[in-house]
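Asks:
Numbering (this note's numbering), first residue to last: 8 to 165.
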């Protein structure tokens with residue numbers, strides 16, 4: 008792969024470079040006007056992130072439940088052999104873990120944002136969010152002549 012990466016400081020004994028893949032450098036040292044070159048290969052171990060998918064935002068009615076998470080919620084990094092070592096759900100801003108299931112069942116009573124953090128065995132993570140909107144149950148009133156029927160989510164009255 009032809010690419011050129013600049014070192015952070017080419018005048019120090021240990022310059023820093025952060026290429027995203029294996030790369031071959033040509034090192035040229037000049038002393039008293041005489042130049043000497045050598046090629047060195049730097050092996051780069053790139054740890055890729057897993058992919059987190061909290062699923063699509065949803066709308067539910069009060070007292071209903073819904074399953075959150077993608078299909079799948081956690082995808083391992085595409086290369087490197089890392090596996091998924093954890094799926095952690097929480098409700099920001101708290102970092103308290105509410106579930107470690109891939110697709111937990113939730114029953115929020117208010118509009119709620121859930122955060123999922125997927126941890127790979129290589130130590131890398133990815134984060135995604137899903138919003139659950141909670142609509143109140145609607146009240147229905149039916150009037151027929153002198154009869155009135157009111158209904159809501161909890162009871163019926165005559």
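Using N, Cα and C, we set each Cβ at its ideal position, and we do this for glycine too.
Check residue 145 in the structure and name its three-state DSSP category.
Replies: It is coil, neither helix nor strand.
Asks: For residue 41, which of helix, strand or coil comes out of DSSP?
Replies: In this structure, residue 41 counts as strand in the three-state DSSP scheme.
Asks: Using the Cβ count rule (16 or more neighbours within 10 Å means buried), how would you classify residue 75?
Replies: It is buried - the Cβ of residue 75 has at least 16 other Cβ atoms within 10 Å.
Asks: Using a Cβ-Cβ cutoff of less than 7 Å, which residues in the same chain neighbour residue 8 once the five nearest sequence positions on both sides are dropped?
Replies: Interpretation of residue 8 is limited by its pLDDT of 43, a score under 50 that renders its predicted location unreliable; no figure is taken from the coordinates.
Asks: Count the C-beta pairs between the segment 33 to 44 and the segment 71 to 90 that are closer than 8 Å, then say yes if the count reaches three, no if not.
Replies: Flag = no, the segment 33 to 44 and the segment 71 to 90 do not touch.
Asks: What does the alpha-carbon distance come out to for the pair residue 26 and residue 84?
Replies: Rounded to whole angstroms, residue 26 to residue 84 spans 19 Å at the Cα level.
Asks: What are the partner residues of residue 6, as DSSP defines its beta bridges?
Replies: Absent from the structure is residue 6, since the part of the chain shown begins at 8 and ends at 165.
Asks: Starting from the C-beta of residue 72, find all residues in its chain whose C-beta is less than 7 Å away, skip the five residues before and the five after it, and write them out in chain order.
Replies: These residues qualify, in order along the chain: 112, 113 and 114.
Asks: Answer yes or no: do residue 154 and residue 139 have a C-beta to C-beta separation smaller than 7 Å?
Replies: No. Outside cutoff.
Asks: Residue 105 lies in the beta strand (DSSP E); which residues open and close that run?
Replies: First-last of the beta strand (DSSP E) with residue 105: 104 to 106.
Asks: What's the call for residue 36, buried or exposed, on a 16-neighbour Cβ count within 10 Å?
Replies: So residue 36 ends up on the exposed side.
Asks: Report the CB separation of residue 50 from residue 137 in whole angstroms; it is logged as a contact under 8 Å.
Replies: Going by Cβ atoms, the distance from residue 50 to residue 137 rounds to 39 Å, so no, they are not a contact pair.
Asks: CA-CA distance, residue 34 and residue 47?
Replies: Their Cα atoms are separated by approximately 7 Å.
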